[in-house]
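Shown next, in structure tokens, is the structure this report addresses.
Protein chains: 2
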Amino acid sequence: MTASTETGREPGRARVDRWRTKAEVLAEVRRSPGLTRVELARRLGLSSASVTETVARLREGGWLCEHRAPVQGRGRPTTTLEPAPDGPRVVAVDVRHEDWRVGLAGLDGQVSGIVTARHDRDPQRVATALAAAVGDIAAGHRTVAVGLAAPAPISDDGLVRATELAWDAVDLGPVTAALDERCPDPVPLLVGNDATLAGVAEARTGAAAGAGTAVYLTVEVGLGGALLLDGLPHLGAHGQAGEYGHLPFGDPARPCSCGATGCWGPEVDGRALARRLGDPPPGDPRSYALGVLERAAGGDAAAVHAVCGVAAALARGVAGLVAVHDPDVVVLGGLARGLRAAPGFDEAYRRGLMAFRRDDPVPVRDAVHGDDGTLHGAAALALDHATSAEGLAESCEP
Amino acid sequence: MTASTETGREPGRARVDRWRTKAEVLAEVRRSPGLTRVELARRLGLSSASVTETVARLREGGWLCEHRAPVQGRGRPTTTLEPAPDGPRVVAVDVRHEDWRVGLAGLDGQVSGIVTARHDRDPQRVATALAAAVGDIAAGHRTVAVGLAAPAPISDDGLVRATELAWDAVDLGPVTAALDERCPDPVPLLVGNDATLAGVAEARTGAAAGAGTAVYLTVEVGLGGALLLDGLPHLGAHGQAGEYGHLPFGDPARPCSCGATGCWGPEVDGRALARRLGDPPPGDPRSYALGVLERAAGGDAAAVHAVCGVAAALARGVAGLVAVHDPDVVVLGGLARGLRAAPGFDEAYRRGLMAFRRDDPVPVRDAVHGDDGTLHGAAALALDHATSAEGLAESCEP
DNA sequence: GCTATATCCTCGTGGTCCGAGCATAATCAG
DNA sequence: CTGATTATGCTCGGACCACGAGGATATAGC
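Chains as they are written, first to last, in numbering that gives the first Met the number 0: chain A, 0 to 397; chain B, 0 to 397.
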């Protein structure tokens with residue numbers, strides 16, 4: 000991503016350390032907009048003198064703004080702190096199988112001005128078109144970072160290996176080149192996996208907001224997800240963690256396209272519904288599943304029965320993951336939302352839990368971000384970097 | 000553990016911040032004993048002036064010592080840095096089902112002077128006896144922390160709920176009282192789960208040393224384990240993460256004592272071996288399993304067949320966990336060590352992996368700490384605290 | 001013994017966080 | 001309206017840390 004000196008760091012620790020407290024303050028204000036200065040000092044263990052200094056610097060840089068707080072009683076009135084609405088921006092990108100979407104987000108994480116464009120899956124043309132679109136948006140605002148979601152595992156070198164997309168390795172060089180060329184200050188590009196970032200969005204502003212440990216699962220074709228720790232995804236040694244769909248919760252005799260057998264994913268998606276209904280394997284399992292869910296909602300007995308069985312298979316696995324991860328909450332996205340609503344889910348979930356958990360079961364909730372979750376997650380990824388001590392040092396000091 | 004002001008922190012950030020760099024230096028030296036000052040400066044991005052200052056302070060406090068480094072060529076000879084062998088100590092405690100063990104560890108993490116005593120499972124008498132033993136050792140050395148492992152989930156309030164031990168909630172108050180009374184400076188008591196801490200030991204100085212992501216699994220009666228991220232265990236929302244034995248990898252028809260069905264644990268321990276051999280459920284599944292493993296090693300065909308089947312059930316699940324966690328390494332402890340060696344493990348593991356992983360499968364290794372793993376982990380827990388910025392501030396400033 | 005090399009130490013500077021004290025802006029009481 | 005009360009913000013000097021520059025130190029090579 001950013002150029003790194005591989006022979007080790009030269010002294011420069013103080014330059015970043017100076018922004019550590021400011022980054023903490025900014026993070027706290029972003030987490031709790033409308034915080035008063037006194038409450039901020041209390042939470043972070045800062046003296047009022049330090050808050051004065053820190054807030055002044057963040058206001059200078061355009062990160063925070065202050066408003067008069069409604070008076071509560073006696074005493075000098077205080078002000079509330081909020082992320083500056085006209086502050087720095089990040090560009091969020093979501094590259095999907097058949098199109099890509101680009102939007103702009105402020106410090107509050109809301110993505111606006113989303114534009115969509117279809118693509119033809121040619122890696123080079125996609126990179127070129129993205130470079131133009133991202134460069135246009137970035138150059139038109141005070142852009143401090145770009146976050147990009149891709150439907151593929153992300154390797155360390157910042158390239159995208161999208162085997163399912165028949166892309167070998169997408170070189171994002173054109174995008175970084177466009178950013179370097181069209182923006183006065185360097186703009187880092189951060190890349191993440193799409194399902195992972197959808198989970199991040201839920202953990203920040205969605206159904207798992209505030210959770211220390213959250214499990215996000217999404218069913219489209221197969222099942223993917225992420226384990227979120229304090230809002231950050233666990234990526235694994237090679238950035239390939241989260242393949243929950245390949246846990247062997249299923250029938251050991253059934254082979255999976257991944258090469259193993261008994262995988263959970265094919266037991267909980269459109270293919271599983273088709274099997275239960277005696278239909279041939281659907282060409283597009285996702286839209287097939289949507290059809291069955293609709294029929295079940297309409298009262299079709301066979302569809303209800305199939306959905307119920309699949310929901311139970313999903314619930315049983317979710318209960319197992321609760322035992323392993325002990326999350327504050329489990330969030331379901333994609334088709335899993337429809338399955339959770341099906342009769343049989345709750346009962347199967349309860350029975351799959353260890354007995355001591357049944358009195359107070361870990362809540363299972365629907366994802367609140369729809370299709371925009373991934374884009375929100377990409378914005379969060381970029382904002383995380385921009386508002387870190389490193390990012391602040393980068394963008395506030397020449 | 001330590002008293003906390005629940006109305007929020009008062010300013011005191013600088014007091015801890017001052018030790019942040021020193022804690023980093025100490026951690027780096029503990030990770031790489033024998034480091035030169037120049038190499039240290041390079042890795043941490045510090046100037047030589049800062050290293051001089053920092054090392055001097057840590058030497059003053061008795062945390063580090065320096066030796067002359069063997070001369071390499073021209074230039075002024077440098078010195079190597081090591082954790083001081085006569086530096087601060089921590090006390091490590093491992094409370095087990097029928098006995099407890101106490102030892103003393105230095106900054107290198109090695110536990111010495113281990114003493115063992117049986118107990119009668121009476122919570123109050125155990126706490127009293129522990130208080131005396133821990134107090135004796137702590138008072139005889141410069142003790143900066145105590146780490147305690149318990150065979151139970153650890154709740155946030157520092158009490159131990161050992162339901163399997165027929166203990167309701169063990170109050171460790173007598174231990175902290177003894178420490179307060181017999182040690183001049185306050186000595187914090189840290190508590191952790193035994194399987195979790197055995198995993199920590201492997202991640203620090205064992206088969207998973209240096210791994211960013213490691214999965215530790217141990218089979219005794221049932222199966223437990225931990226996910227280790229940069230050497231720190233993932234604890235979950237209530238400290239109950241790691242119940243890998245209750246993932247539904249097994250026969251959905253078989254009920255588990257936890258209340259769910261199809262759990263993995265009963266498929267990979269002595270009970271599973273007995274089923275496969277047509278024996279009745281063993282009273283002590285652990286020693287039964289050891290007997291079967293021995294018979295299999297001796298060539299008993301029936302035993303070999305049973306062990307092989309159980310090993311395959313273990314391997315299949317391990318492969319699933321590799322898909323989910325994408326670890327650098329999987330470490331097996333307890334009876335799982337013997338199962339890994341069985342014929343059939345490697346083949347089942349390979350077949351359970353997603354195809355793209357088979358060229359370079361995640362290594363599965365035996366735990367290198369034997370029975371002492373938990374005690375080492377308890378020492379690591381205590382040392383983590385003592386060598387953190389907070390711990391250093393606590394013990395070095397009045 | 002002299003030089004080249006690599007490292008260590010000292011010193012002054014700029015920066016952060018802090019406590020104390022003063023300044024400020026509201027309510028409340030008369 | 002005025003002064004007391006209360007809560008908060010700001011200023012100032014002190015303690016401390018990381019840094020760059022430059023001098024000091026200890027070895028190998030010649």
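C-beta: ideal position from N, C-alpha, C; glycine also. Computed from a predicted model, the values in this text were never measured in an experiment.
{"query": "Neighbouring residues, chain B, relative to P254(A) (Cβ below 7 Å)", "result": "Those do not exist, as P254(A) stays about 10 Å from chain B at its closest Cβ, beyond 7 Å."}
{"query": "For H368(B) and A392(A), the rounded distance between their alpha carbons", "result": "44 Å"}
{"query": "Reduced DSSP secondary structure (H/G/I, E/B, other) of C400(A)", "result": "For residue 400(A) there is no data in the structure shown, the boundaries of chain A being 0 and 397."}
{"query": "Simplified DSSP assignment, three categories, for T77(B)", "result": "coil"}
{"query": "For A305(B) and A335(A), the rounded distance between their alpha carbons", "result": "38 Å"}
{"query": "Three-state class that DSSP yields for A340(A) in the structure shown", "result": "coil"}
{"query": "The stretch 48-55 of chain B / the stretch 91-104 of chain B touching (three or more Cβ pairs under 8 Å)", "result": "no"}
{"query": "Simplified DSSP state of A225(A), which is helix, strand or coil", "result": "strand"}
{"query": "Endpoints, the alpha helix (DSSP H) within which Y215(B) is located", "result": "Element bounds for Y215(B): not the alpha helix (DSSP H) but the beta strand (DSSP E), 212-219."}
{"query": "E9(B), DSSP secondary structure in three states", "result": "coil"}
{"query": "Those runs of the alpha helix (DSSP H) which lie wholly inside the stretch 232-297 of chain A and span at least 4 residues", "result": "269-276, 284-296"}
{"query": "Nearest to Y348(A) (by Cα), restricted to the options A385(A), A310(A), P76(A)", "result": "A310(A)"}
{"query": "Distance between beta carbons of L80(B) and R36(B), contact taken as under 8 Å", "result": "7 Å"}
{"query": "E180(A) classed as buried or exposed, judged by whether at least 16 other C-beta atoms fall within 10 angstroms", "result": "exposed"}
{"query": "Contact between the stretch 180-191 of chain B and the stretch 288-299 of chain B (3+ Cβ pairs under 8 Å)", "result": "no"}
{"query": "Buried or exposed (CB count within 10 angstroms, at least 16 for buried), S47(A)", "result": "exposed"}
{"query": "Test: L80(B) CB closer than 8 Å to a CB of chain A", "result": "no"}
{"query": "C-beta neighbour in chain A for C257(B), strict 8 Å", "result": "yes"}
{"query": "Closer than 8 Å to chain B by CB, L228(A)", "result": "yes"}
{"query": "Euclidean distance between Cα positions of L382(B) and L103(A)", "result": "45 Å"}
{"query": "Within 8 Å, strictly: CB atoms of P360(A) and V328(A)", "result": "no"}
{"query": "The stretch 24-51 of chain B: positions lying closer than 8 Å to chain A by Cβ", "result": "A40, R41, R42, L43, G44, L45, S46, S49"}
{"query": "Alpha-carbon to alpha-carbon, A318(B) and R203(B)", "result": "23 Å"}
{"query": "Chain A within 8 Å of A225(B), Cβ atoms only", "result": "no"}
{"query": "Whole-angstrom distance between P284(A) and H245(A), CA atom to CA atom", "result": "17 Å"}
{"query": "Contact list for R17(A) against chain B, beta-carbon separation under 8 Å", "result": "By Cβ distance, chain B contributes nothing, its closest Cβ being about 12 Å from R17(A), past 8 Å."}
{"query": "Minimum C-alpha distance to P247(B) - residue among V303(B), L313(B), P280(B)", "result": "L313(B)"}
{"query": "DSSP three-state assignment for E163(B), whether helix, strand or coil", "result": "Residue confidence is low: E163(B) scores 48 on pLDDT, short of 50, so the model does not pin down where it sits. No coordinate-derived value is stated."}
{"query": "Status (buried if at least 16 other CB within 10 Å, exposed otherwise) for H66(B)", "result": "exposed"}
{"query": "Residue-level contact to chain A via CB, Q239(B), 8 Å cutoff", "result": "yes"}
{"query": "Residue from R275(B), T217(B), V190(B), A208(B) whose Cα sits closest to the Cα of G308(B)", "result": "R275(B)"}
{"query": "DSSP three-state assignment for P185(B), whether helix, strand or coil", "result": "coil"}
{"query": "Cβ neighbour criterion (16 or more within 10 Å) applied to V24(B)", "result": "buried"}
{"query": "Chain B contacts made by the stretch 326-343 of chain A, where a contact means CB separation under 7 Å", "result": "P326, D327"}
{"query": "Test: A197(B) CB closer than 8 Å to a CB of chain A", "result": "no"}
{"query": "Which listed residue (L234(A), R100(A), P280(A)) has its alpha carbon closest to that of D229(B)", "result": "L234(A)"}
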